[in-house]
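Novice: If you use this note's numbering, the sequence shown corresponds to residues 4 to 181, in order. Note that beta-carbon positions come from the ideal geometry of N, C-alpha and C, so glycine has one too.
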Amino acid sequence: MYKIAAAVLALAPCWSVAADSQWVLEQSTLTYHVSHPLHQIDGVSHQARGKAVCHEGQCDFLIAVPVKSFDSGDNNRDLHMIQVALGAQFPMVVVRFRLPADAASLATINADLEIEFAGQTAHYKQIPFQRASQGGNARITGTIPATLSDFKIEPPSLLAIPTKNEIPVRVEMTWRPM
């Protein structure tokens, strides 16, 4: 359920402006955060996969991460989250977005994200991500302000107290040209 990550997970490298190019997601850390009055929970995945294809001044991104790949440090909790997020029916979180190729020159990239999770699709407008060059690679960081209600998920409860609706997803990704 808290496995968006982001998807989130999500974001773009410094792609080539002049020619068609492709990029691949080389490394990722997606971290969701859940808040409950009795405790705080972070779940982490390093299993996001992604690709970007740049053509005629536009770069199209597709990123996917298995719902079951998030680890909160409690197997029982993780299994419950997979149930709540309908992970058996919808095993992947998928993120799509498009950016102009000239966004590569910006230190902050604002992206309109489309995220599919738990059988629902949510749209996030102008989400800021920081871009830094690392040799020929691009490192992208930022936070997706996801909520449970965005995906029509009822907040799970502990001792009859529900978790907060907010489940921000921290995104750290490194992209490399193919």
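#1: Would the region 75-86 and the region 103-122 be scored as touching if the rule is three or more Cβ pairs under 8 Å?
#2: Less than 8 Å between the CB atoms is what I'm expecting for S38 and M176, so what's the real figure, rounded?
#3: Should R52 go down as buried or exposed, given a rule of 16 or more other Cβ atoms within 10 Å for buried?
#4: Kindly list the residues whose CB is nearer than 6 Å to the CB of S75, restricted to its own chain and excluding five residues on each side of it in sequence; keep chain order.
#5: Between which residues of its own chain and S72 is the CB-CB distance below 6 Å, once the five residues before and five after are set aside?
#6: In the region 107-164, which residue ranges form an unbroken beta strand (DSSP E) of at least 3 residues, counting only runs that do not cross its ends?
#7: Buried or exposed for V27, please, with buried defined as at least 16 other CB atoms from any protein chain shown within 10 angstroms of its CB.
#8: Can you tell me the Cα-Cα spacing of A125 and V97, whole angstroms?
#9: Which residue marks the beginning of the alpha helix (DSSP H) containing M181, and which one marks its end?
#10: State the DSSP-derived secondary structure class of H49, mapped to helix, strand or coil.
#11: Put L41 into one of helix, strand or coil per three-state DSSP.
#12: By the DSSP assignment, the alpha helix (DSSP H) with D81 in it spans what residues?
#13: Between A163 and P40, what straight-line distance do the alpha-carbon atoms span, to the nearest angstrom?
#14: Roughly how many whole angstroms lie between the Cα atoms of A149 and M181?
#15: Counting C-beta neighbours from all protein chains within 10 Å, is the total for L151 16 or more, i.e. buried, or is it exposed?
#16: Just how far apart, CA to CA, sit F120 and Q92?
Specialist: Looking at the coordinates:
#1: no
#2: That pair is no contact at about 24 Å.
#3: exposed
#4: I44, G46, D81
#5: S48, Q50
#6: 111-120, 123-137, 140-147
#7: exposed
#8: 11 Å
#9: Where M181 is concerned, there is no enclosing alpha helix (DSSP H), given that its DSSP letter is neither H nor E.
#10: coil
#11: coil
#12: 78-87
#13: 11 Å
#14: 30 Å
#15: buried
#16: 10 Å
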